[in-house]
Each structure stands twice: as C-alpha cells, then as structure tokens.
Amino acid sequence: MLKREHVQRTPKGRRLFFRRTKTGKPAAIPVTPALGKLIDETPREQEYLVVSLEGRKLQPERASGIVRELRKRANKRAGKDRSKVHVRDELHFYDMRGTAATELLRAGCSLEEIATTMGWGLRHAANTIENYVALVPEKSDEVLLKLARARKEAGVKV
1 MLKREHVQRT PKGRRLFFRR TKTGKPAAIP VTPALGKLID ETPREQEYLV
51 VSLEGRKLQP ERASGIVREL RKRANKRAGK DRSKVHVRDE LHFYDMRGTA
101 ATELLRAGCS LEEIATTMGW GLRHAANTIE NYVALVPEKS DEVLLKLARA
151 RKEAGVKV
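Residue numbers (the UniProt record's numbering): 1 to 158.
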C-alpha cells in the first residue's frame with residue numbers, strides 16, 4: 001500500500017516510487033494533479049495515502065469491491081445519460097493496469113517508459129502492449145502515416 005515515503009521529488013514534479021510486491025521490480029508513477037491533491041490533503045500523521053472509511057489500511061478485496069461499486073454507479077448513470085460511457089461488466093480491478101499502459105501508449109510513451117512506469121520488464125511490457133494495442137485504433141492510423149512518410153523519404157511511389 002502506498003505511503004508518504006513512496007512520494008519522491010523529480011526535477012519537474014513528483015512521482016510514486018516503490019517496488020512491486022510480486023516481482024520486486026521498481027515502479028515509478030508520475031504524480032498527476034489529482035493525485036498530488038490527495039497526497040497534499042492527507043494528514044501527515046496518517047500512515048497510508050489511501051485508507052478505508054475507518055482510516056485503516058485499505059485491503060485489496062475492499063479496493064476491488066469499491067471498483068465494482070463505482071462501475072455499477074457509472075453504468076447506472078450511463079443508462080440515463082447517453083453522453084456517459086458504459087463500463088463493460090467483464091472488466092476487473094486488475095484490468096486497470098492494461099488500461100493505464102494503453103493510455104501511456106496513446107500518450108506517445110515508449111515501451112521503455114511504459115515498462116518503467118508500470119514496474120514491468122521490457123518483455124512483459126511488450127506482451128501486454130501487444131494484447132492491448134489492437135484496442136487502440138489511432139495506433140493503426142499512426143502506423144499508416146509512418147509508413148507513408150518512410151515510403152516518401154525513400155522515393156517509393158504509393
């Protein structure tokens with residue numbers, strides 16, 4: 001679980017730096033403005049950054065339950081308002097890792113940057129990205145543009 005000691009300064013902001021429990025690999029997650037607000041508003045005497053309603057360490061099972069409840073609420077709102085996005089029922093808490101990696105890919109991050117951020121090895125990052133890249137339609141468009149640019153630079157007529 002995340003503690004204040006995991007927050008480190010960077011040249012342009014902050015990051016969460018920790019070792020993954022399962023693999024021991026380091027992970028370095030940039031602190032977004034929303035996460036920064038949560039960190040800054042967390043009482044100094046509170047050991048964990050994210051806690052239960054009772055102020056205790058948030059257990060993984062409870063975190064999964066919270067995600068399920070949020071999905072249910074979001075889908076209820078989406079049923080009433082077509083501008084809201086429906087979250088697929090088959091998605092689970094652990095799918096957020098793939099979603100985060102996909103967002104990093106969409107943002108133009110390199111495989112190495114994604115692996116470092118997620119605390120993955122390059123091979124695992126490549127395999128995960130390979131599974132999710134098909135879900136990112138703009139990547140196909142980017143590949144087509146790069147191919148056209150390369151052909152033009154090589155003098156190949158299309």
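Just so you know, even glycine gets a beta-carbon here, dropped at the ideal spot from N, CA and C.
The structure displayed is predicted, hence computed values, not measured ones.
What separation, rounded to the nearest whole angstrom, lies between the Cα atoms of residue i and residue j?
| i | j | result |
| --- | --- | --- |
| Q8 | E54 | 27 Å |
| C109 | D81 | 33 Å |
| K3 | E153 | 51 Å |
| E138 | I39 | 34 Å |
| A101 | W120 | 11 Å |
| S52 | F18 | 21 Å |
| K25 | V67 | 25 Å |
| R20 | H6 | 12 Å |
| D95 | G65 | 14 Å |
| R106 | L145 | 15 Å |
| G13 | R151 | 40 Å |
| V50 | E69 | 17 Å |
| D141 | R149 | 12 Å |
Kindly list the residues whose CB is nearer than 7 Å to the CB of residue i, restricted to its own chain and excluding five residues on each side of it in sequence; keep chain order.
| i | result |
| --- | --- |
| I29 | R15, L16 and T117 |
Within a Cβ cutoff of 8 Å, which residues of the same chain sit near residue i, ignoring the five residues on either side of it in sequence?
| i | result |
| --- | --- |
| G98 | T128, N131 and Y132 |
| R71 | V87, D89 and L91 |
| E61 | none |
In terms of residues, what are the limits of the beta strand (DSSP E) holding residue i?
| i | result |
| --- | --- |
| P33 | Careful: P33 lies outside any beta strand (DSSP E), inside the alpha helix (DSSP H) at P33 to E41. |
| residue 163 | Lying before the first or after the last residue shown, residue 163 is absent from the chain, which here runs from 1 to 158. |
| R9 | V7 to T10 |
I'd like the list of long-range same chain contacts for residue i, defined as Cβ closer than 6 Å, with 5 residues on each side in sequence excluded.
| i | result |
| --- | --- |
| M1 | Y48 and K57 |
| A125 | L111, I114 and A115 |
How close, in whole Å, do the beta carbons of residue i and residue j come, if the pair is a contact with beta carbons under 8 Å?
| i | j | result |
| --- | --- | --- |
| F93 | A63 | 7 Å |
How far does the alpha helix (DSSP H) with residue i in it extend, from its first residue to its last?
| i | result |
| --- | --- |
| T23 | Careful: T23 lies outside any alpha helix (DSSP H) and carries neither H nor E. |
| V67 | P60 to K80 |
| R97 | D95 to R106 |
| L2 | L2 -> no alpha helix (DSSP H), and no H or E assigned at all. |
| E112 | L111 to M118 |
Using a Cβ cut-off of 8 Å (strictly closer), state whether residue i contacts chain B.
| i | result |
| --- | --- |
| K57 | Absence of chain B from the displayed structure is noted, only one protein chain being present. |
Quiz prompt | Cβ pair count under 8 Å reaching 3, the region 79-98 against the region 33-46 | solution = The region 79-98 and the region 33-46 do not touch, with fewer than 3 CB-CB distances between them shorter than 8 Å.
Quiz item: Quick check: the region 40-49 against the region 85-99, are there 3 or more CB pairs under 8 Å?
Solution: Short answer: they don't touch.
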